[in-house]
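Quick notes on the structure that follows.
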Amino acid sequence: TVRKGIHIVRSQKETDGTSRGHRLEMDLRHAVARGELRAFYQPVVRLSDLSLAGFEALVRWEHPEFGLLGPEAFLRSAERSGQITAIDRWILREAGRQAYEWGAASDGRPLAINVNCTGHDVLDAGYTDDIRWVLDLLHDSPYSLALEITESLLVEETGLVSAELQEHQAAGARVCIDDFGTGYSSLRTLQELPIDVLKVDRSFVNTMTKDTQSRELVRAVVHLSQVLGKHVVAEGIESAEQAELLRQMGATYGQGYLFGKPMPAGEAAAFTERGVFVAAALA
Ligand code: C2E
Ligand code: MG
Ligand code: MG
Ligand code: MG
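Going by the UniProt record's numbering, the sequence shown runs without a break in its numbering and finishes at 692.
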């Protein structure tokens, strides 16, 4: 949306204009080597029975001076400087290793580990090697690997990116469109690109219980996904009312603060043991 565009431009300017922004950009070059990156994990659940479907890995940076930083503090500059691929290679391997460990201790029901990636990553030979490494590692694991990519990146370099994604898909990775509904993909791209899952942007989920139009848009996306034979993940579920509505619409998966915020691996492990979310969720 226009509002989002304006927000991005402004925050970019602010970051560039401050010495802290410059400092972060310099420090980020060493963050991977110094072991300052952390992987946080947010649970994804099956809406039908609220059982655990897997986790999305989300990057954090434990800055020695500024403390724990979220991606909004450094990812945009990392994309500009090209650091993004080093970061994404790190989290891909880390999340793969973690899923392998969890999988070995689980009851064998299928689960997914999701990582976020950019068009830069997908076209990087090293990233491709790492995907193969993770797919190999998870070969006999209950965990499968899913790559989350935003719509805009898919549309920009459709040919190359989609060829790469198709290869990963053939090798066993699943491909998700992240923040679906906020980008520019046409119905044709949806039909032609190698996509298994649509992740409905949380801005729609956020307003769907108050705003009829958002609600009907989400319903239409769920229907569209069924027609195209893809799964839907609803992002940003914060209330039981939203979860129930989405379940009734036939959305397969859900993710949001209602089920769990992104958390360190140690905490996430408790979710893998509990399995089903008997929590207050749908009470
Ligand atoms: P995303 O991939 O769409 O991830 C979901 C974001 O929504 C996460 O923010 C998550 O904390 C937040 N979220 C989840 N549930 C709720 C909810 O119920 N309410 C609200 N208000 N927010 C919720 P986070 O961790 O700050 O990440 C922001 C974005 O940064 C991600 O959006 C993704 O685009 C990007 N990102 C995060 N980690 C990585 C990474 O390792 N590599 C790359 N390339 N991008 C990443
Ligand atoms: Mg994501
Ligand atoms: Mg998203
Ligand atoms: Mg998002």
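The beta carbon of each residue, even a glycine, is placed where N, CA and C say it ideally should be.
One or two residues paired with residue i in a DSSP bridge
i: Thr559; result: Asp587
i: His640; result: Val606
i: Ser612; result: Its beta-bridge partners do not exist; DSSP assigns none.
i: Tyr662; result: Arg455, Val642
i: Pro673; result: Phe449
i: Tyr552; result: Leu520
Range covered by the beta strand (DSSP E) that runs through residue i
i: Glu465; result: 461-472
i: Phe449; result: 446-455
i: Gly430; result: Segment 428-440 is the alpha helix (DSSP H) holding Gly430; no beta strand (DSSP E) there.
i: Leu477; result: 476-478
Status (buried if at least 16 other CB within 10 Å, exposed otherwise) for residue i
i: Thr527; result: buried
i: Lys619; result: exposed
i: Met435; result: exposed
i: Asp458; result: exposed
i: Phe475; result: exposed
i: Leu461; result: buried
i: Leu667; result: buried
i: Leu596; result: exposed
i: Tyr662; result: buried
i: Val570; result: buried
i: Ala692; result: Here Ala692 scores only 46 on pLDDT, less than 50, and its place in the model is too uncertain to base an answer on.
i: Asp516; result: exposed
i: Arg489; result: exposed
i: Arg443; result: exposed
i: Arg624; result: buried
i: Glu676; result: exposed
i: Glu557; result: buried
i: Glu644; result: buried
i: Ala689; result: With a pLDDT of 44 at Ala689, under the threshold of 50, the predicted position of this residue should be treated as unreliable, though the coordinate-derived value follows. So Ala689 counts as exposed.
i: Arg438; result: exposed
i: Leu654; result: buried
Cβ distance (whole Å) where residue i is taken to contact residue j below 8 Å
i: Cys585; j: Asp610; result: No, Cys585 and Asp610 are not in contact; Cβ-Cβ is about 12 Å, not under 8 Å.
i: Gln451; j: Pro671; result: 4 Å
i: Glu465; j: Val454; result: About 12 Å separates the two Cβ atoms, so there is no contact after all.
i: His577; j: Ile540; result: 6 Å
i: Pro551; j: Arg583; result: The Cβ separation is near 14 Å, so there is no contact.
i: Gln664; j: Ile646; result: 7 Å
i: Leu546; j: Tyr509; result: 5 Å
i: Ile493; j: Leu501; result: With a Cβ gap of about 12 Å, Ile493 and Leu501 do not count as contacting.
i: Val627; j: Phe613; result: 5 Å
The alpha helix (DSSP H) enclosing residue i, as first and last residue numbers
i: Ile522; result: First-last for Ile522: 520-525, but that is the beta strand (DSSP E), not the alpha helix (DSSP H).
i: Gln600; result: 596-601
i: Tyr536; result: 534-546
i: Asp497; result: 493-513
i: Glu576; result: 567-579
i: Glu488; result: 484-490
i: Gly528; result: 528-531
Residue-level contact to chain D via CB, residue i, 9 Å cutoff
i: Pro473; result: As a matter of chain content, chain D is missing from the structure shown, which is built from one protein chain.
When a residue counts only if its C-beta is closer than 6 Å to some heavy atom of ligand 3, which residues count, in chain order?
That query returns the following residues: Asp587, Asp588, Lys608, Glu644.
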